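For reference, the structure is listed below as structure tokens.
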Amino acid sequence: MISSITATTGGQPVFRRDLDPNALRLTRRKTINLLRNCKNIAQVPPIHAKIIRTFHGQDAFVVFELIRICSTLDSVDCAYDVFRYVPNPNVYLYTAMIDGFVSSNRSADGVSLYRRMIRDSVSPDNYVITSVLKACDLEECREVHGQVLKLGFGSSRSVVLKLMEVYGKCGDLVDAKKVFDEMPERDEVAATVMINCYSDCGCVKEALELFNDVKVKDTVCWTAMIDGLVRNKEMNKALELFREMQMENVSVNEFTAVCVLSACSDLGALELGRWVHSFVESQRIKLSNFVGNALVNMYSRCGAIYEAKLVFKGMRDKDVVSYNTMISGLAMHGESFEAIKGFREMVNRGFSPNEVTLVALLNACSHGGLLDIGIEVFRSMERVFHVEPQIEHYGCIVDLLGRVGRLEEAYRFVENMPIEPDHIMLGALLSACKIHGNMELGEKVAKRLIESEDSDSGTYVLLSNIYASSGKWKESSEVRGSMRDSGIDKEPGCSTIELDNQIHEFLVGDTTHPEKEAIYQRLQELNRVLKFEDVMFVYQ
DNA sequence: ATAGGGTTAG
1064 MISSITATTG GQPVFRRDLD PNALRLTRRK TINLLRNCKN IAQVPPIHAK IIRTFHGQDA
1124 FVVFELIRIC STLDSVDCAY DVFRYVPNPN VYLYTAMIDG FVSSNRSADG VSLYRRMIRD
1184 SVSPDNYVIT SVLKACDLEE CREVHGQVLK LGFGSSRSVV LKLMEVYGKC GDLVDAKKVF
1244 DEMPERDEVA ATVMINCYSD CGCVKEALEL FNDVKVKDTV CWTAMIDGLV RNKEMNKALE
1304 LFREMQMENV SVNEFTAVCV LSACSDLGAL ELGRWVHSFV ESQRIKLSNF VGNALVNMYS
1364 RCGAIYEAKL VFKGMRDKDV VSYNTMISGL AMHGESFEAI KGFREMVNRG FSPNEVTLVA
1424 LLNACSHGGL LDIGIEVFRS MERVFHVEPQ IEHYGCIVDL LGRVGRLEEA YRFVENMPIE
1484 PDHIMLGALL SACKIHGNME LGEKVAKRLI ESEDSDSGTY VLLSNIYASS GKWKESSEVR
1544 GSMRDSGIDK EPGCSTIELD NQIHEFLVGD TTHPEKEAIY QRLQELNRVL KFEDVMFVYQ
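Plus 1063 on top of the position in the first sequence (first one is 1) and you've got the working numbering.
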């Protein structure tokens, strides 16, 4: 990217003499349109060069557009290169730049730019305040809140709504509620934001109470409540609310469909998912990428990989998320080579794989036992795809080594990693130790897990099983005992299954289902089949 | 010229 400069000769800016105000306006219009049509950051530099020639990088309207385009094209550094050479940026430019930082997950840069703006005595408006609030943590939010009151933006609707939202996101329900209560007209929009605050803080009960108090609820309000329930893992309640919504004749849109599909994915509610699919088609709800991706995800996670592929194939403007969803689904179903094929197609079509793509691809390798490919992918992550390996990627490699039985190597890998292992990674290693019968290493890993205090009941159970299977009965029962003492055995395992549009829920040790005898008998049969298949697999 | 309630991948 070319750096914008103020062209000077002997200290004086040079302006093109042949541009009268009308011509300037026309050129500005044309340039902005050119910028808006850019699909790729590579198309921007020639236009930028022209902007420097024509406007000397000083026309706020054009620069504003330039900053926004660079940001939307995932090139916030280019946007900043433009911004930092503007001598006295106005509040519009600050807003665009802060927004750019926020959407690239660079909140700290957004906040410090806002501070610089205040220091440079540029008066904030309600737009820039809502922008910077998105970047704030709790302390910064309080600071901006103070300024808001001092500067008289306390009655700006968008500012107040954003303040509530950020307080909620930061877990400060008290202040969110305070702002809400102080609003002169608490309409359904404000209530929707407050419902989200409750959901963000895990207060489902309060969210539902407020929801029930809202007199006239529109699609957005219903959708927010359904989504809040989904995010808090109250799937059945979410689906119940969805049915209620339709009985109240509130129209369902693509947002609602995506939320419900996400609930179906979690519950494995294939039939309801299919129903939402046909509902989307019959209601002519826009089959956007959001909906398409949610459908692909729902079908894969409900075990219907064929239908997932069908939806995926039918999507015309697939994006990175579409590919990631499909590759993850294929990996989940053990179709490792299909997943790799999907990855190749994605790269060939010019998409840049991101960190999620690489997790999916590594998972595919792991599930297929493709050690060499997996290691190769991991090694090329940074060099070829410019993705810095995160804990999830390291975890995939540990999983991969563990699965193929190279446990010592996996342990060495963990010890040599530049980051600390988390309980998920150690848990994967632990179960690999159990599967491959490496008791010494298993014991070492389990102890490390329990010391880290991040362990769940599963760790204790596995450690106790490891002791039991090597005849160390005393140690085994001691582990069970310390599990009870630590109160960690309280979390009940839960699973659900959908049958004839009914979601059946089962808790660990649950014997309340009317058909429990038939269910447990069938379970035992399945266990025998699985054991047999496992043995066959080993001796193949 | 800008924002202002709800969505997908691990």
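Glycine residues also receive a C-beta, built at the ideal position from the N, C-alpha and C atoms. A quick note: this is a predicted structure, and the numbers were derived from the prediction, not measured.
Buried versus exposed call for residue i [16 or more other C-beta atoms within 10 Å across all chains shown]
i, result
"D1238", "buried"
"M1310", "exposed"
"F1400", "exposed"
"Y1583", "exposed"
"D1263", "buried"
"N1100", "exposed"
"P1484", "buried"
"H1576", "exposed"
"E1297", "buried"
"K1268", "exposed"
"I1482", "exposed"
"L1089", "exposed"
CA nearest to the CA of residue i, picked from the options
i, options, result
"L1202", "G1366, K1232 and S1549", "Looking at the sequence shown, residue 1202 is not Leu but Glu. Answer by Cα proximity: K1232."
"V1174", "M1160, S1166, V1195 and V1191", "V1195"
"R1147", "V1126, L1136 and D1137", "V1126"
"S1351", "N1085, A1332, G1377 and H1208", "G1377"
"G1120", "A1402, L1304, E1538 and L1156", "L1156"
"D1462", "D1235, L1425 and F1274", "L1425"
"S1138", "N1151, R1116 and D1162", "D1162"
"N1153", "I1132, S1166 and D1183", "D1183"
"G1505", "E1471, L1098, V1283 and G1217", "E1471"
"P1416", "A1254, C1141 and H1449", "H1449"
"R1469", "E1451, E1455, R1306 and I1498", "I1498"
"A1123", "I1482, V1149 and K1113", "V1149"
"F1164", "L1526, C1141 and V1343", "C1141"
Within 8 Å, strictly: CB atoms of residue i and residue j
i, j, result
"V1339", "C1327", "yes"
"I1258", "A1301", "no"
"A1367", "I1390", "no"
"V1374", "V1359", "yes"
"Y1230", "C1204", "yes"
"L1236", "C1260", "yes"
"K1280", "V1313", "yes"
"A1402", "A1371", "no"
"V1467", "G1521", "no"
"G1458", "A1491", "yes"
"G1336", "Y1362", "yes"
Three-way DSSP call (helix, strand, coil) for residue i in this model
i, result
"S1539", "helix"
"T1094", "helix"
"F1124", "helix"
"P1084", "helix"
"P1108", "helix"
"T1574", "coil"
"V1139", "helix"
"G1468", "coil"
"M1480", "coil"
"G1458", "helix"
"K1102", "coil"
"H1486", "helix"
"V1154", "helix"
"N1168", "coil"
"G1521", "helix"
"Q1453", "coil"
"G1500", "coil"
"S1533", "coil"
"R1511", "helix"
"E1148", "For clarity, residue 1148 is Tyr in the given sequence; the question names Glu instead. Coil."
"S1549", "coil"
Proximity test, residue i beta-carbon vs the ligand GDP heavy atom, cut-off 7 Å
i, result
"I1403", "This structure lacks the ligand GDP; in fact it carries no ligand of any kind."
Any chance you could list the alpha helix (DSSP H) runs of at least 4 consecutive residues sitting entirely within the region 1174-1253, in chain order? Here the runs fully enclosed are 1189-1196, 1201-1214, 1220-1232 and 1236-1244.
Segments of 4+ residues assigned as alpha helix (DSSP H) that fall wholly inside the region 1330-1411: Counting whole runs of 4 or more residues, the region 1330-1411 contains the alpha helix (DSSP H) stretches 1333-1345, 1352-1364, 1368-1377, 1383-1395 and 1399-1411.
Length at least 4, wholly inside the region 1410-1443: the alpha helix (DSSP H) runs in chain order: As far as the region 1410-1443 is concerned, its whole alpha helix (DSSP H) runs of at least 4 residues are 1418-1430.
Runs of alpha helix (DSSP H) wholly within the region 1263-1321 (minimum 4 residues, chain order): If we require 4 residues or more, the alpha helix (DSSP H) runs fully inside the region 1263-1321 come out as 1267-1276, 1282-1294 and 1298-1310.
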